[in-house]
Amino acid sequence: GINQLEGLNHKIPVAFLISTFMLILSGYTATKMRLHYQEENIPKLEGSLRNTFFLGVTFTILQFAGWKELTDMGINFTGLPSGSFLYLLSGIHIFHLLGAMIFALILLVQLRKTQEDGIRKLILVTNPFEKMRIRLFTVYWHFMDAIWLILFFLFILSF
70 GINQLEGLNH KIPVAFLIST FMLILSGYTA TKMRLHYQEE NIPKLEGSLR NTFFLGVTFT
130 ILQFAGWKEL TDMGINFTGL PSGSFLYLLS GIHIFHLLGA MIFALILLVQ LRKTQEDGIR
190 KLILVTNPFE KMRIRLFTVY WHFMDAIWLI LFFLFILSF
């Protein structure tokens, strides 16, 4: 099980520590998105969404760096089942986060068009569907944050 890593004196990959901080920071920027939407401040909404997206990209890159650190420690995907779970669970998380990042890109393109057209801006800030899309994005992003934090603490317990 996961305790098989115990006694091997491995340390949690530094990249996982940094990526966790990046994801927590992205949760803050996602929260700011909703506030900017309520204030009808589309440029700040777009900025917060852009920051959230880039923090997600940074998180993903750091996850790959974390996998490299794991292999350097001798923890391979095909080794102990506990090591395989580290790769599998973090990989599934990245896959789901990629879905959120694609959604963020779509929203970014639409927000860019909105800033150039006053009618689109009016529709964006008054249409309940648009409000729901922003809300769903932020809820999903926070859910992904929470899932990672749970996984991260499980990883810490295994090291």
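Going by my numbering, the first residue of the sequence shown is number 70, and it counts up by one from there. Virtual Cβ for every residue (Gly too), placed ideally from N, Cα, C.
Residue i - DSSP class collapsed to helix/strand/coil
i	result
F90	helix
L218	helix
K80	coil
T140	helix
N145	coil
N120	helix
E109	coil
E185	coil
Q73	Confidence at Q73 is low in this model, with a pLDDT of 43, below 50, so its placement is unreliable and no value can be given for it.
F224	helix
Chain-order list of residues whose beta-carbon lies under 7 Å from that of residue i (same chain, five-residue window excluded)
i	result
S88	F128, L131, Q132, G135
P82	G135, E138, L139
H211	G96, A99
I216	H162
L158	L220
F224	I81, F85, L155
Sub-8 Å separation of residue i and residue j beta-carbons
i	j	result
F206	L176	yes
I192	E199	yes
F285	F221	Only positions 70 to 228 of the chain appear in the structure, and residue 285 is not among them; the question remains open.
G125	L166	yes
F146	Y156	yes
D214	I93	yes
Cutoff 8 Å; reference residue i; Cβ partners in own chain excluding five residues on either side
i	result
K182	R189
G76	Because G76 sits at a pLDDT of 47, beneath the cut-off of 50, its placement in the model cannot be relied upon, and the following sentence gives the value as read from the coordinates. Once the five neighbours on either side are set aside, G76 has no close Cβ partner at all.
F122	M170, A173, L174, L177
Own chain, CB closer than 6 Å to residue i, minus 5 neighbours either side, in chain order
i	result
I144	G152
L218	none
For this session: Could you tell me whether the segment 114 to 124 touches the segment 91 to 106, using the rule of 3 or more Cβ pairs below 8 Å?
Result: Contact between the segment 114 to 124 and the segment 91 to 106 is present, because at least three Cβ pairs lie under 8 Å.
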